[in-house]
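Chemist:
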Amino acid sequence: MTALKGSLRNRFLLSLCAVLCLALLALVAIARFQIMPILLEDEEAYASAELDRIERALGAELNHMRRMVEDWAHWDDTYDFVQGLQPQYVDSNLYESTLETLDLEMMVFLDASNEPYWVVGYNEHGEFVSCPGSMPPCDWASASIAFLSRYVAQGLDDATHTWLLAAPELAMAGLSPIHQSHQETPATGWLAMVRPLSEPWIEQLRDTTGIELELSPVPVPAQESAAQILDRTSPTHMTANRLIPALPSSHALRIDAALPRQRYQASLETFRFALYWTSGVLIATLLMVLWLLERMVLSPLRQLATFTQSLHQEAAPPAMPVSLLARHDEIGTLSREFSNLLDHQRRQSDLLRDLTLHDPLTGVANRRLFDQRLTELLDHSGTHQGHAAMMIDIDHFKLYNDHYGHQAGDVCLVTLAQHMEAQLEPRGFLVARTGGEEFSVLLPNTSEDEALRLARELLEAIEALGLDHETSPTSCNVTVSIGIATLQANTMEPGDLMRAADQALYRAKASGRNRAATYRALDTTFGPTTTLDS
99 MTALKGSLRN RFLLSLCAVL CLALLALVAI ARFQIMPILL EDEEAYASAE LDRIERALGA
159 ELNHMRRMVE DWAHWDDTYD FVQGLQPQYV DSNLYESTLE TLDLEMMVFL DASNEPYWVV
219 GYNEHGEFVS CPGSMPPCDW ASASIAFLSR YVAQGLDDAT HTWLLAAPEL AMAGLSPIHQ
279 SHQETPATGW LAMVRPLSEP WIEQLRDTTG IELELSPVPV PAQESAAQIL DRTSPTHMTA
339 NRLIPALPSS HALRIDAALP RQRYQASLET FRFALYWTSG VLIATLLMVL WLLERMVLSP
399 LRQLATFTQS LHQEAAPPAM PVSLLARHDE IGTLSREFSN LLDHQRRQSD LLRDLTLHDP
459 LTGVANRRLF DQRLTELLDH SGTHQGHAAM MIDIDHFKLY NDHYGHQAGD VCLVTLAQHM
519 EAQLEPRGFL VARTGGEEFS VLLPNTSEDE ALRLARELLE AIEALGLDHE TSPTSCNVTV
579 SIGIATLQAN TMEPGDLMRA ADQALYRAKA SGRNRAATYR ALDTTFGPTT TLDS
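Taking our numbering, the leading residue of the sequence shown gets 99, the next gets one more, and so forth.
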């Protein structure tokens, strides 16, 4: 039992089996108490939204009916017609094509006594009739006229009303008081319009909503309210219906909509697929992982760990094992990246050391590298004689910065540094920026005459650059002053040489600038012999 618990592979197997059992139980619980209720609730919300769309479409048709009956009822000719002042109204407006255009089944004009004044519409045989009152041949409209008169007699307010009619047939009706347009006059009667909800009209509603629907009148108890009922007996379709108010009050209009269940079925099938295959995938993964764990993971990881530990124990870091670098998997990638990281770290260390030895603005050597090279030159030379150094200063550089700006001053420094390095570095000389506008040049194995010749060439080359310096008292172009010192005593230190070059530079500047001056140190006390050359 101890060996079983101590094995990483066996512990992994036991843990994975436990996770598998818990996962299956969790999936079953989630399916029963969370997923299924959510799917059913989503389906109900979808059905409710579709029924709402149908109701909105019916509401839009009722609003259209309201506007249409108001237009006719608030027409001055209609007002005069009900009062008997427009005998030509019937011939001019109430003909068969009018009802066809308005898609109406009947129009009824009631006078101020709520009695039928004129009736126009289609009788039970589908024949168009138009006659005064409800006498034959318009007696077919008596039931509808009585229905309208009863509602008007109940004390309707002076506004337009629209209804859905569930009996004696499916229809929508509009009723509006007849007024003169733009005048505050009492209503002289009522105008009623009835539009049948025929099968062609319902088919048009299907096309408009994109829903397969049916409208039917149903008798309902007085206490029953509108409801949504879902029939999910079919796996691919469901039936949702809703009752909406209609006249007479003992009836209602029922909307039946056949809706697809694709979303529900797709979600259910996806979840079932995940439920059925998760256990199989976990078991297969368990067997595969147990076989691959030792072969592909643990052994190479131990080898990589051994290599990383050796980096701390040996002064010279060893090479990454070839077997790890040759792998074509994540461990191989990790090994190669780790090896590249080590190489990158070494290169960055070399680059960092290089950055500490070079000026960040001009890119030439800095004082640290210059002093280091000068010390190395003196330490490794059998004699100090035969070496020289230059100290170079840009003439009136403060005036240049003040006039042209510090950004232009930086450009000037970079230009001069790169030009001096291009001219001197190929000959084995080191150019360094050792101050703000001060440069130093190390000239190994160079005599004083040779150093002076190089300084003259450098003066001419810099002035030939033609860098404008309008505020310089010395020249209209940027110029430099150069101090030259040579080593002629073995006891001379690096600092002595540079102090001598600095004194020579001071003398060159004191003598008018844009020239080179040599300082010959006869001994460590710096003798007075000085040569100026312009």
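Note that the Cβ used here is the ideal one computed from N, Cα and C, for glycine as well.
(1) Output the boundary residues of the beta strand (DSSP E) element that contains M204.
(2) Using DSSP's beta-bridge definition, name the partner residues of V318.
(3) Count the other C-beta atoms from every protein chain shown that fall within 10 angstroms of the C-beta of L298, then say buried if there are 16 or more, exposed otherwise.
(4) Does DSSP put E148 in a helix, in a strand, or in coil?
(5) By the three-class DSSP mapping on this structure, what secondary structure does I243 have?
(6) Taking 8 angstroms as the cut-off, decide whether the C-beta atoms of Y83 and H442 are in contact.
(7) If you draw a straight line from the C-alpha of L396 to the C-alpha of V379, how long is it?
(8) Grab the span of the alpha helix (DSSP H) containing M518 for me, first residue to last.
(9) Cβ of P294 within 8 angstroms of Cβ of E203?
(10) Kindly indicate which residue of R554, D256, A614, E367 has the alpha-carbon position closest to the one of A129.
(11) Check the C-beta distance from S579 over to R613 and give it rounded, since I have them as a contact under 8 angstroms.
(12) Short of 7 angstroms in beta carbon distance, which residues of its chain neighbour W238, apart from the five on each side in sequence? Order them along the chain.
(13) How big is the Cα-Cα spacing for Q516 and L459?
(14) Can you list, in chain order, the residues of its chain with a C-beta nearer than 7 angstroms to that of T100? Leave out the 5 residues immediately preceding and following it.
(15) What's the gap between the Cα of H504 and the Cα of T577?
(16) Helix or strand or just coil, what does DSSP make of D491?
(17) So which of L455, D305, I276, G430 has the shortest CA-CA distance to S394?
(18) Given this structure, state the Cα-to-Cα distance separating M163 from G272, to the nearest angstrom.
(19) Please report how far the alpha carbon of M596 lies from the alpha carbon of M488, in whole angstroms.
(20) If you compare alpha carbons, which of P284, S242, Y215, T337 is closest to A269?
(21) In terms of residue numbering, what span does the alpha helix (DSSP H) encompassing D354 cover?
(22) Starting from M596, trace the alpha helix (DSSP H) in both directions and tell me its first and last residue.
(23) Do H335 and A171 count as a contact pair if the criterion is CB distance below 8 angstroms?
(24) Look at the Cβ atom of P319, then the Cβ atom of L351, and state whether they are nearer than 8 angstroms.
(25) Just curious, the beta strand (DSSP E) that E536 is in, first and last residue?
(26) Since A463 contacts L528 with CB under 8 angstroms, what's their CB separation in whole angstroms?
(27) Counting pairs of beta carbons, one from the stretch 204 to 215 and one from the stretch 283 to 290, are three or more of them closer than 8 angstroms?
(28) What is the residue span of the beta strand (DSSP E) that T260 lies within?
(29) Helix, strand or coil: which one does DSSP assign to G157?
(30) Does the Cβ of L262 have 16 or more other Cβ atoms within 10 Å, making it buried, or fewer, making it exposed?
(31) On the CB-based measure, 16 or more other CB atoms within 10 Å of its CB, does M518 come out buried or exposed?
(32) So T584 is in the beta strand (DSSP E); what residue range does that whole segment cover?
(33) Using only the alpha-carbon positions, how far apart do V509 and G461 sit?
(34) State the beta-bridge partners of N464 as determined by DSSP.
(35) Of the residues D305, P333, L341, I309, which one's Cα is nearest the Cα of P317?
(36) Which stretch, first to last residue, makes up the beta strand (DSSP E) that contains N575?
Modeler: This is what the structure gives:
(1) 204 to 209
(2) DSSP, once it has assigned bridges, lists no residue as partnering V318.
(3) Before going further, note that residue 298 is Pro rather than Leu in the sequence given. By the neighbour-count rule (16 or more Cβ atoms within 10 Å), P298 is not buried but exposed.
(4) helix
(5) helix
(6) For residue 83 there is no data in the structure shown, the boundaries of the chain being 99 and 632.
(7) 23 angstroms
(8) 504 to 522
(9) yes
(10) E367
(11) 6 angstroms
(12) For W238, where only same-chain residues beyond five positions count, the Cβ hits under 7 angstroms are N221, E222.
(13) 11 angstroms
(14) Per-residue confidence for T100 stands at a pLDDT of 46, beneath the threshold of 50, marking its modelled position as unreliable; the derived number appears in the next sentence. Excluding residues within five positions, none has a Cβ falling inside 7 angstroms.
(15) 18 angstroms
(16) strand
(17) The sequence as given places Met at residue 394; Ser does not occur at that position. Out of L455, D305, I276, G430, G430 has the C-alpha closest to the C-alpha of M394.
(18) Distance between the alpha carbons of M163 and G272 is about 6 angstroms.
(19) Near 8 angstroms, if we compare the C-alpha coordinates of M488 and M596.
(20) S242
(21) Taken as a continuous stretch (DSSP letters only), D354 belongs to no alpha helix (DSSP H), being part of the beta strand (DSSP E) at 349 to 358.
(22) 592 to 608
(23) no
(24) Result no, Cβ atoms of P319 and L351 do not sit closer than 8 angstroms.
(25) 536 to 541 is the extent of the beta strand (DSSP E) around E536.
(26) 6 angstroms
(27) yes
(28) 259 to 263
(29) Reduced to three states, the DSSP call for G157 is helix.
(30) buried
(31) buried
(32) 578 to 584
(33) 12 angstroms
(34) R531
(35) Checking every option, the nearest Cα to that of P317 belongs to L341.
(36) Here N575 belongs to no beta strand (DSSP E), and DSSP marks it neither H nor E.
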